[in-house]
Amino acid sequence: MAHPKRKISKTRRDKRRTHYKAVAPQIATDPTTGEAHLYHRAHWHEGKLYYRGQIVIDAVETVEA
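According to the working numbering, the sequence shown is numbered sequentially starting from 1184.
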């Protein structure tokens, strides 16, 4: 197994970790419903699935046989 030849200092370790940070998700507003949702994600509103302002799935409709 590989072992470090020298101890890595706390400063050097922390410099490497500066890029690890939490990022807040971007929130978009649907133009049709005004509902807030994540970018590039479909969202439900009043029993309908919307994506980019258009209805993708309408759960309210029933299939008649």
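We put the beta carbon where it would ideally sit given N, CA and C, even for glycine.
- The residues A1225, in chain order, have a CB closer than 6 angstroms to that of Y1234 in the same chain once the five nearest residues on each side in sequence are set aside.
- Where K1198 is concerned, the enclosing alpha helix (DSSP H) starts and stops at K1193 to R1199.
- Within the model, the alpha-carbon separation for R1196 versus Y1203 is close to 12 angstroms.
- The three-state reading of DSSP puts H1226 in strand, counting E and B together.
- In the three-state reduction of the DSSP assignment, H1202 falls in the helix class, which pools H, G and I.
- In this structure, L1232 and V1239 form a Cβ contact; the two beta carbons are roughly 5 angstroms apart against a cut-off of 8 angstroms.
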